[in-house]
Amino acid sequence: MSVILVFLAVIAAFAGWWLSHQRLTSKPWLEQGLAGDFVGLDRSALPTAKIGLGVFLAVVGCLFSLFTSAYFMRMGLSDWRPLPLPRLLWLNTGVLVLSSVALQCAVVAARRGQTDMVRLGLATAGLTTLAFLTGQLMAWRELTDDGYLLASNPANSFFYLITGMHGLHILGGLVGLGRTSVGAWSGTRPERLRLSVELCAMYWHFLLFIWLGIFAVLAGWAATFIDICQRLLT
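Letter 115 of the sequence shown, counting from 1, is numbered 1364 in our numbering, and no numbers are missing.
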């Protein structure tokens, strides 16, 4: 329940930030002059694509929060046997961080009009993301070779379910990243390329945030933190 409240707070913060940019406190009937003279009067301060992506990410956040809540509820039963986390997950986490950093560098380059640096950032992000997915599959294989199969324990099932869902969202992001990369090499207009790169970075940063949360849950840190908070409040 606490995890769900945290994600809902994040969603509410995003909604409040977006609404604060929509001129809700303006009084256009008191302003004088032509309507075209007032910048932003008839359009949102954020591109529609970013608003749509923000709504989608809010839904994805709710989905993972529900998985996490179910994880915490299920782990309290007697048949729960936590599986050891492969050390490879640490390396995978670092690779995903590099992917997110590469996309942020591409965003900076796109804003400065440095097309070559944008291409380099996109290529680096794509390669590191593929390395992350490969590493996740290797971690799965390591666990199955050690006997931690999908149906042998509820903890195993949750591990494969949550990490698999995250991997599927990464694969979906690679489709958008591929389209952006094609545009970067085919000479897309700078404004359009900049928006595409910013959308990819926004998506990757969010998935990195989700993965860090998943990693904390699977490692047991999140449960420890919640127990400490509950003891402090009681």
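For each residue, glycine too, the CB sits at the ideal point set by N, CA and C. Note that this is a predicted model, so its numbers are computed, not measured.
Whole-Å CB distance - residue i paired with residue j, under 8 Å assumed
| i | j | result |
| --- | --- | --- |
| Ser1349 | Leu1457 | 5 Å |
| Tyr1452 | Gly1425 | 7 Å |
| Tyr1320 | Phe1455 | That pair is no contact at about 20 Å. |
| Leu1205 | Ser1430 | The structure shown does not extend to residue 1205, since the chain is modelled only from 1250 through 1483, so no value can be given for it. |
| Ala1388 | Leu1338 | 6 Å |
| Val1446 | Ala1359 | 5 Å |
| Trp1296 | Leu1444 | It should be pointed out that residue 1296 corresponds to Pro in this sequence rather than to Trp. Pro1296 to Leu1444, Cβ: 6 Å. Contact. |
Test item: CB-CB of residue i and residue j under 8 Å
| i | j | result |
| --- | --- | --- |
| Ala1433 | Val1367 | yes |
| Thr1377 | Leu1347 | yes |
| Phe1381 | Leu1345 | yes |
| Ala1404 | Leu1461 | no |
| Leu1448 | Ala1355 | no |
| Leu1392 | Pro1335 | yes |
| Leu1410 | Phe1316 | yes |
| Gln1385 | Thr1342 | no |
Residue i, DSSP secondary structure in three states
| i | result |
| --- | --- |
| Tyr1452 | helix |
| Met1387 | helix |
| Leu1398 | coil |
| Ser1327 | coil |
| Leu1332 | coil |
| Gln1363 | coil |
| Thr1412 | helix |
| Met1317 | Here the sequence assigns Thr to residue 1317, which means Met is not the residue at that position. Residue state, collapsed to three classes: helix. |
| His1469 | The question names His, yet the displayed sequence has Gly at residue 1469. Coil at Gly1469, not helix or strand. |
| Gly1432 | helix |
| Thr1437 | coil |
| Pro1403 | helix |
| Asp1291 | Here the model assigns Asp1291 a pLDDT of 43, short of 50, so the residue's position is not dependable, and the following value carries that caveat. Three-state DSSP puts Asp1291 in coil, outside helix and strand. |
| Thr1297 | helix |
Buried or exposed (CB count within 10 angstroms, at least 16 for buried), residue i
| i | result |
| --- | --- |
| Trp1329 | exposed |
| Leu1467 | buried |
| Phe1464 | buried |
| Val1309 | buried |
| Ser1293 | Low local confidence applies: a pLDDT of 45 at Ser1293 is under 50, so the model's placement there is unreliable, and no value is given. |
| Thr1383 | exposed |
| Gly1469 | exposed |
| Gly1375 | buried |
| Ser1401 | exposed |
| Ser1314 | buried |
| Ile1459 | buried |
| Leu1326 | exposed |
| Gly1436 | exposed |
Distance cut-off 7 Å: residue i Cβ against heavy atoms of the ligand GDP
| i | result |
| --- | --- |
| Ser1445 | Among the ligands in the structure shown, none appear at all, so the ligand GDP cannot be discussed. |
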